[in-house]
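Note that our numbering has the sequence shown beginning at 17, numbered continuously upward. Every residue gets a Cβ at the ideal spot worked out from N, C-alpha and C, and that includes glycine.
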Amino acid sequence: MEAKNILAVRNDRFGEFLLNIPAFTALRQSFPQAKLTVVVDPYLEELAHCIESIDAVMPFSNKKHSFSEVLRFSRQIKAKKFDICIVFNPSREFHIISYLAGIPVRVGYNRKWPFLLSHKTQDNKYLGLKHEIEYNLDLLRLIGINPTDKTVSIKIDRDIIKRMRGYLGANYNIVALHPFTSDPIKQWPKGNFLRLAQKLIAELKVKVVIVGGKDEAGDSCAMFSNFGDHLINMTGRTTLVELAGVLKNCLLLVSGDSGPAHLASAVGVPVIAIFRDDLPGKSAIRWAPPGKDSVVIKKYNLVDISVEEVFDKVKLILEN
17 MEAKNILAVR NDRFGEFLLN IPAFTALRQS FPQAKLTVVV DPYLEELAHC IESIDAVMPF
77 SNKKHSFSEV LRFSRQIKAK KFDICIVFNP SREFHIISYL AGIPVRVGYN RKWPFLLSHK
137 TQDNKYLGLK HEIEYNLDLL RLIGINPTDK TVSIKIDRDI IKRMRGYLGA NYNIVALHPF
197 TSDPIKQWPK GNFLRLAQKL IAELKVKVVI VGGKDEAGDS CAMFSNFGDH LINMTGRTTL
257 VELAGVLKNC LLLVSGDSGP AHLASAVGVP VIAIFRDDLP GKSAIRWAPP GKDSVVIKKY
317 NLVDISVEEV FDKVKLILEN
């Protein structure tokens, strides 16, 4: 198969987007002369520019599900004359857009109007039988690509890393905590994160940085208000690229199943990820941070994972 112009669509959350990087890499390696354009949610646009295999980024958001917006974007796509479109997250809108744009090869999953696709496979992600990276690569196998590189990596400008270090304090060993998750059933008790922060500061003499999004800032300020100079709360104070710069300055991150866990892994920072083990489609099998230094702690009931168990893992990583 030949292609000069390729469109990849992954316009959902940033953790899922990062796990698409091996697929972007495989497209670049399989079509080295082609232009690779990626459609993302607008809040991911800056982060997407940090991925070396991507040539162009197109932000798209249609929260009101306006059909006129679908038609407008399909005309915009059609003008670019793409040869291949891969829709990595099932989307009726993008199945319609790719069809109306006249893209010859349209790849995706067998749901949400799959009759508009030329190449499709069954969507078994909910079973959680393998990693999300593998599910993404399965779509490429439909068009004859056999990927080998499964690395998730992004490149952050050194000036951003240096600037974030200035905020954190240049003379400290820093451990990051992300105490929040978008799904309450995946939440390790927030009080455990509070006690973990206290224990890290008292026993390991490290500085703790709390990270998270703007919608988590209120809870974060209420939880971590009495730590003085030993803790810095960056929740809601950074862009995603700046957050990557913050994490790059840390010795490790402790997090639940969340976007920051994948971001830390993508910049080469060890991650201790806390997972429930009784939800197949949301388990570590599918969503564990892919970095070689990542450690997963998993139990059927998250309350059975103690602060001491997580602390011991942190101590082990720091000692090594």
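Cα-Cα separation between residue i and residue j, rounded to whole angstroms
i	j	result
residue 160	residue 302	24 Å
residue 266	residue 193	10 Å
residue 97	residue 69	20 Å
residue 48	residue 164	15 Å
residue 42	residue 217	42 Å
residue 176	residue 131	45 Å
residue 222	residue 276	20 Å
residue 199	residue 278	16 Å
residue 19	residue 252	41 Å
residue 104	residue 152	6 Å
residue 149	residue 183	34 Å
residue 158	residue 38	16 Å
residue 124	residue 213	43 Å
Terminal residues of the alpha helix (DSSP H) in which residue i lies
i	result
residue 206	206–220
residue 183	174–184
residue 259	256–264
residue 334	323–335
residue 49	Run containing residue 49: none; DSSP gives neither H nor E here.
residue 30	30–34
residue 302	300–303
For residue i, three-class secondary structure by DSSP
i	result
residue 22	strand
residue 236	helix
residue 147	coil
residue 192	strand
residue 123	strand
residue 270	strand
residue 279	helix
residue 202	helix
residue 226	strand
residue 116	helix
residue 337	A query on residue 337 cannot be resolved here, the shown segment of the chain reaching from 17 to 336 and no further.
residue 128	coil
residue 38	helix
residue 242	coil
residue 43	helix
residue 284	coil
residue 306	coil
residue 252	coil
Nearest residue (CA-CA) to residue i, options the options
i	options	result
residue 77	63, 59, 69, 93	59
residue 34	158, 57, 200	57
residue 27	239, 54, 42	54
residue 307	170, 101, 217	170
residue 318	132, 290, 258	290
residue 79	99, 109, 63, 73	109
residue 280	178, 101, 227	227
residue 210	233, 180, 182, 241	241
residue 310	124, 299, 63, 269	269
residue 297	145, 243, 246	145
residue 282	244, 23, 32	32
residue 101	114, 29, 94, 243	114
residue 134	285, 17, 187, 121	121
residue 196	181, 261, 233	233
residue 249	22, 321, 235	235
residue 261	239, 40, 50, 178	178
Delimiting residues of the beta strand (DSSP E) encompassing residue i
i	result
residue 292	287–292
residue 136	135–137
residue 313	311–315
residue 247	247–249
Residue i: CB within 8 Å of a non-hydrogen atom of the ligand HEM
i	result
residue 231	The ligand HEM is not among the ligands present in this structure, which contains no ligands whatsoever.
Scan the segment 54–112 and note each continuous beta strand (DSSP E) run of 3 residues or more that stays entirely inside, going in chain order.
For the beta strand (DSSP E) assignment, the uninterrupted runs of no fewer than 3 residues enclosed by the segment 54–112 are, from N- to C-terminal side, 72–75, 100–103.
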